[in-house]
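These notes are about the structure you will find just below.
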Amino acid sequence: MTRVKRMQPVVRAVGHDERERAASLAKCERLVADAERRLADLETYRSEYAGGFGRRIAGGISATGLRDYQTFLARLSQAIEAQAAIVADVRLARDRAQDEWRGAAQRAKSIDHVLERWRAEERASLEQREQRETDERARQQRRPRTGR
Numbered sequence: 001m002t003r004v005k006r007m008q009p010v011v012r013a014v015g016h017d018e019r020e021r022a023a024s025l026a027k028c029e030r031l032v033a034d035a036e037r038r039l040a041d042l043e044t045y046r047s048e049y050a051g052g053f054g055r056r057i058a059g060g061i062s063a064t065g066l067r068d069y070q071t072f073l074a075r076l077s078q079a080i081e082a083q084a085a086i087v088a089d090v091r092l093a094r095d096r097a098q099d100e101w102r103g104a105a106q107r108a109k110s111i112d113h114v115l116e117r118w119r120a121e122e123r124a125s126l127e128q129r130e131q132r133e134t135d136e137r138a139r140q141q142r143r144p145r146t147g148r
């Protein structure tokens, strides 16, 4: 069995690892996009809600209504801060997943490089063996035949 064939289980394992890491990275990318979308939605909602404050004051607002309005804006700001922390966390997780995928891809590339070198060596060895056999047949044909 050739070195290349003996390495096939390693090639499959490394390829499997790279595919798993790529899938994990893709999942992290989706989580980042979702978290960023939620953050943008919250910020838009706060902006719209705060923009309505001027209209409410113009229409008249009680002290209780003003306090409730300010309390809601404060809670909304807290929710935005919490979502921003989530965004930061999932970005870090995505960056780690990307580093892991890059490492797995590099290992797979390195193994492919080694296998290609081994294949080239095997081809060269086969070509040399075939050339020796051809040369030997040619020598045998040039020798005078005796024993008839």
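This note's numbering puts the first residue of the sequence shown at 1, with every later residue one more than the last.
Ideal placement from N, C-alpha and C gives every residue a C-beta, glycine not left out.
Model, not experiment: these values are computed from the prediction.
In this structure, V14 is the residue among M1, I57, V14 with its C-alpha nearest to the C-alpha of Q106. Between Y49 and L66, the C-beta spacing is not below 8 Å. Looking at the backbone, the Cα of M7 and that of V90 are separated by about 37 Å. In the DSSP assignment, P9 falls within the alpha helix (DSSP H) that extends over 8-59. Closest in C-alpha terms to Y45, from the list S24, A79, C28, comes A79. Residues V90, A93, R94 of the same chain have their beta carbon placed closer than 8 Å to that of L31, with the five preceding and five following residues left out of the count. Per DSSP, reduced to three states, the secondary structure at T134 is helical. Ranked by Cα distance from A104, the options E20, D135, A88, V4 are led by E20. The Cβ atoms of E36 and V87 lie closer than 8 Å to each other.
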